[in-house]
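Participant: Please read through the structure below; I'll follow up with questions.
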Amino acid sequence: MINPILNLKFKGAMWYQGESNTGQSNEYEALLLSMIGDWRERFNDREIPFVVVQLPNFMQHHKNPVESGWAGLREAQRQVTMKLPMTALTVAIDLGEWNDIHPLNKKDLAFRIAQQMEKMAYKNSKVISDGPICEKAVLKDGKIEISFKEGTDKLIQEKNMKGFAVQADRTPYRWVKASTVGNKVILEGEFKGKVLKVRYGWDDNPTDISLKNEAGLPASPFQIDVQ
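See below:
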């Protein structure tokens, strides 16, 4: 489908897709990595900026931690933008609607995409285009400290945050107490086990999550191993 336009020059590409892949979310990261690489090869430009629009919140909200194909696909989208240069993630986890796969709020979404392009394609380093980008989770003094990419980590301070769940040694995920302390999120609880994982906003429609930075941009839902 892109062959007829291979002779054109583009400032960047915006990719908003994934709803039809939520049933096989574990395959999506490889597919998207391959597609971006293929486009860049065909257009003979290895640095075409790609903005990936993450799937918004949709369908049912669950009271307890669940497995979610929508959350899994969002994580695949996040991983692609963490691994490939000249890519960025536009988070829309607060812009969806439970009963409409095509949310009505296009204005705020368009603004966030434009901010990403302003920074990547037009090299405007003054633009804050990302919400908090999770980089690392560490178990320290009986608590889990989650840190974020520099430049995205001026967090809005909040106590009793929701949406954080921890898994130990493949047992079921359980909610834990969370709060922002400076530029980190601190999780408190009984963390027993050799293998710990943290999930944030892991649901089809995580309506009660609130992690943002001072620019007012939301953090992407994520899954991360605890060091």
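Each residue of the sequence shown is one higher than the last, beginning at 930 in this note's numbering.
Think of the CB as a built atom: it goes at the ideal place given N, C-alpha and C, for glycine as much as any other residue.
Just so we're clear, the structure is a prediction, and the values are computed from it rather than from any experiment.
(1) May I ask which residues mark the beginning and end of the alpha helix (DSSP H) holding D1154?
(2) Distance, Cα to Cα, M1049 vs P1014?
(3) Which same chain residues end up closer than 7 Å to Q1086 when comparing Cβ atoms and leaving out the 5 residues on each side of it in sequence?
(4) Decide if R1041 is buried, meaning its Cβ has at least 16 other Cβ atoms within 10 Å, or exposed.
(5) Taking the beta strand (DSSP E) that I965 falls in, what are its first and last residues?
(6) So what does DSSP say about V1124, is it helix, strand or coil?
(7) Can you tell me the Cα-Cα spacing of K1052 and P933, whole angstroms?
(8) Quick one: what's got a C-beta closer than 8 Å to E1046's C-beta in the same chain, skipping five residues either side?
(9) Just mark P985 as buried or exposed, buried being the case when its beta carbon has 16 or more other beta carbons within 10 Å.
(10) When burial is assigned at 16 or more other CB atoms within 10 Å of the CB, is A1148 buried or exposed?
(11) Measure the C-alpha to C-alpha separation of G1001 and I1073 and round it to an integer number of angstroms.
Facilitator: Reading off the structure:
(1) Here residue 1154 refers to the residue found at position 225 of the sequence shown. Premise fails: D1154 lies in the beta strand (DSSP E), 1151-1154, not in any alpha helix (DSSP H).
(2) On the sequence shown, residue 1049 is found 120 positions in, with the first residue counted as 1. On the sequence shown, residue 1014 is found 85 positions in, with the first residue counted as 1. Cα-Cα distance, rounded: 10 Å.
(3) Residue 1086 sits at position 157 when you count from the first residue of the sequence shown. So the qualifying residues of the chain are T1109.
(4) Looking up residue 1041 in the sequence shown gives position 112. Buried is the call here.
(5) Here residue 965 refers to the residue found at position 36 of the sequence shown. Per DSSP, I965 belongs to no beta strand (DSSP E); it is in the alpha helix (DSSP H), 957-971.
(6) One-based indexing of the sequence shown puts residue 1124 at position 195. Reduced to three states, the DSSP call for V1124 is coil.
(7) Mapped onto the sequence shown, residue 1052 falls at position 123. Mapped onto the sequence shown, residue 933 falls at position 4. In a straight line, the C-alpha of K1052 is about 29 Å away from that of P933.
(8) As a working note, residue 1046 is residue 117 in the sequence shown. Note on residue identity: the sequence assigns Met, not Glu, to residue 1046. Around M1046: K940, G941, M943, P978, V980.
(9) As a working mapping, residue 985 is identified with position 56 in the sequence shown. The residue in question, P985, is buried, as its Cβ has 16 or more Cβ neighbours within 10 Å.
(10) On the sequence shown, residue 1148 is found 219 positions in, with the first residue counted as 1. It is buried - the Cβ of A1148 has at least 16 other Cβ atoms within 10 Å.
(11) Against the sequence shown, residue 1001 aligns to sequence position 72. Against the sequence shown, residue 1073 aligns to sequence position 144. Answer to the nearest angstrom: the Cα atoms are 22 Å apart.
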